[in-house]
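Numbering (the numbering used here), first residue to last: 468 to 574.
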């Protein structure tokens with residue numbers, strides 16, 4: 468195969484493929500914080516639910532944005548955001564289409 472994305476390591480996973488550099492991702496999260504009273508930073512699991520990315524970013528996050536029970540399960544399974552020693556568990560639940568079971572599971 469010729470073309471811009473012909474590296475076999477990328478092609479082995481199919482397309483489209485998202486490739487993250489954990490160091491760059493963490494630097495971008497840290498850049499969102501402006502001064503000591505910067506905004507809280509949450510990761511939207513809808514777009515970025517890979518466990519390795521979540522684990523890499525967890526120390527710099529205030530929580531996760533979950534929009535489904537599946538995303539909530541990813542957050543619980545990671546243990547990284549929810550069991551951070553210096554922070555209380557943080558969830559932001561988008562209320563559009565949220566079911567009561569989703570909210571109960573998060574509590």
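The C-beta atom is built at its ideal place from N, Cα and C for all residues, glycine as well.
Legend entry - Residue ranges of each alpha helix (DSSP H) within the region 474-530, 4 or longer: Within the region 474-530, the runs of alpha helix (DSSP H) at least 4 residues long that lie entirely inside it are, in chain order, 475-478, 489-498 and 518-524.
Legend entry - Element boundaries [alpha helix (DSSP H), containing residue 546]: No alpha helix (DSSP H) holds residue 546; DSSP gives it neither H nor E.
Legend entry - Cut-off 8 Å between Cβ atoms - residues of its own chain near residue 506, not counting five sequence neighbours on either side: 499 and 500, listed in sequence order.
Inset, instruction - Determine, using beta carbons only, whether residue 524 and residue 492 come nearer to each other than 8 Å. - result: Yes, these two residues count as a Cβ contact at 8 Å.
Inset, instruction - Look up residue 541 in the DSSP assignment and give the residues it is bridged to. - result: In the DSSP assignment, no residue is bridged to residue 541.
Inset, instruction - Give the straight-line distance between the Cα atoms of residue 475 and residue 545, rounded to the nearest whole angstrom. - result: When rounded, the separation of the alpha-carbon atoms in residue 475 and residue 545 is 29 Å.
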